[in-house]
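In my numbering, the protein residues as written are 97 to 152.
Quick reminder that beta carbons are idealized off the backbone N, C-alpha and C, glycines included.
Since the structure comes first, as structure tokens, the remarks are kept for the end.
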């Protein structure tokens, strides 16, 4: 989209991003700062910043 915001393909609402721990792990693996990090390191980062993520 022109504005850079993404909408859900099912009901055209705004995307909330990954909600499960595994979904968050997979999405963070693709970021440059987590490319060479282990899964355990990324999971610790998720747990440390859990207040910013939805409970799954």
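Looking at the backbone, the Cα of residue 136 and that of residue 107 are separated by about 34 Å. Between residue 121 and residue 142 a beta carbon distance of about 7 Å is seen, short of the 8 Å cut, so the two are scored as contacting. Beta-carbon to beta-carbon, residue 130 and residue 124 are separated by about 5 Å, close enough to satisfy the 8 Å threshold. Going by C-alpha positions, residue 144 is about 26 Å away from residue 110.
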